[in-house]
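Residue numbers (the working numbering): 10 to 294. This report concerns only the one structure given below.
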Ligand code: NDP
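What follows is the structure, encoded as structure tokens:
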């Protein structure tokens, strides 16, 4: 029988533990604080920022939201990041992506102090992951790995196929699967014969942003299927990159959308913020 990987329930459990952790820290005089920068008026971005703000509030983490106008100049954004890097009250800094097209995303992310990089997108943090010594692990891939742990899904020796190669999801997720001794194939928009590869996957993780793109005939019977995509249909429904109703009939485990990887991402952001608070306490002696 197919088991649904319930990210909502698992994230709730994780958040309860983080809440306790935050209380302990506060009793030691450490009050975790996350700064979130959002540039422009992208509706989805503003919605995600409000989710993050709400999660912080629920867990007793302080949040500071910086909403900058669409036409913000790079120099001013970098100035703000540098101020936040130097502000001892702030433990984590997050820039909501995507940034407006006139801003150089890589150049901006590089300015975040790696010790406050709770999203794990700076070259330093990604490099640490690549060299098997992670500092902050990007939240979505980290959340996916937590789901494998929780549901005791073995990865060693399995063929894991990741569809999508972004810095946010596909690439770090591939590295994490490799660290767990899976044999990893990475697919993207130029991959030839995608179905031939996805059909060989014991573990299939998809992050492409294409509504119900992966159909049942693209997966192997009994595969573990992780849907990371978030797409809004013409009728306003939120769906993933997987045709859930059909694929569910063949998969051994599957994540729903919503209620799968999404809630795990926010829980991991909260976890990374608490780790950052502890790390900075250590660094300051
Ligand atoms: P990007 O647009 O940065 O990357 C998409 C990737 O998919 C690219 O590597 C692209 O290939 C690949 N791709 C696109 N079309 C195809 C195709 N037809 N066949 C194979 N590969 C294809 O997206 P993100 O990684 O940022 O996000 C992906 C999805 O995950 C989105 O729906 C996003 O909303 C969702 N998401 C969900 C999160 C969550 O918490 N659940 C968090 C972050 C993202 P190429 O490199 O060749 O262009």
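The beta-carbon is built from N, C-alpha and C at its ideal position, and this holds for glycine as well. Nothing here was measured: the structure is a model prediction, and the numbers come from that model.
With a threshold of 16 other beta carbon atoms within 10 Å, residue 25 falls short and is exposed. Residues of the same chain with a CB within less than 6 angstroms of the CB of residue 224, apart from the 5 flanking positions on each side, are 252 in chain order. At a threshold of 8 angstroms, residue 219 counts as near the ligand NDP, since its beta carbon sits closer than that to one of the ligand's heavy atoms. Residue 100 is classed as buried because its beta carbon has at least 16 other beta carbons within 10 Å across all chains shown. In the displayed model, residue 166 falls within coil according to three-state DSSP, outside both helix and strand. Rounded to the nearest angstrom, the gap between the Cα atoms of residue 164 and residue 266 is 23 angstroms.
Where residue 71 is concerned, the enclosing beta strand (DSSP E) starts and stops at 71-77. Taking C-beta atoms as the reference points, residue 178 and residue 275 fail to come closer than 9 angstroms. Straight-line spacing of the CA atoms in residue 244 and residue 114 works out to 32 angstroms. Judged by beta-carbon spacing, residue 233 lies within the 9 angstroms limit of residue 260, meaning their Cβ atoms are closer than that value. For the set 53, 188, 47, 68, the Cα lying nearest the Cα of residue 278 is the one of 68. Beta-bridge pairing by DSSP links residue 42 to 71. Distance from the CA of residue 289 to the CA of residue 128, rounded to the nearest whole angstrom, comes to 16 angstroms. With contacts defined as CB atoms closer than 9 angstroms, residue 77 and residue 89 qualify as a contacting pair. Assigned with DSSP and collapsed to three states, residue 183 falls in helix.
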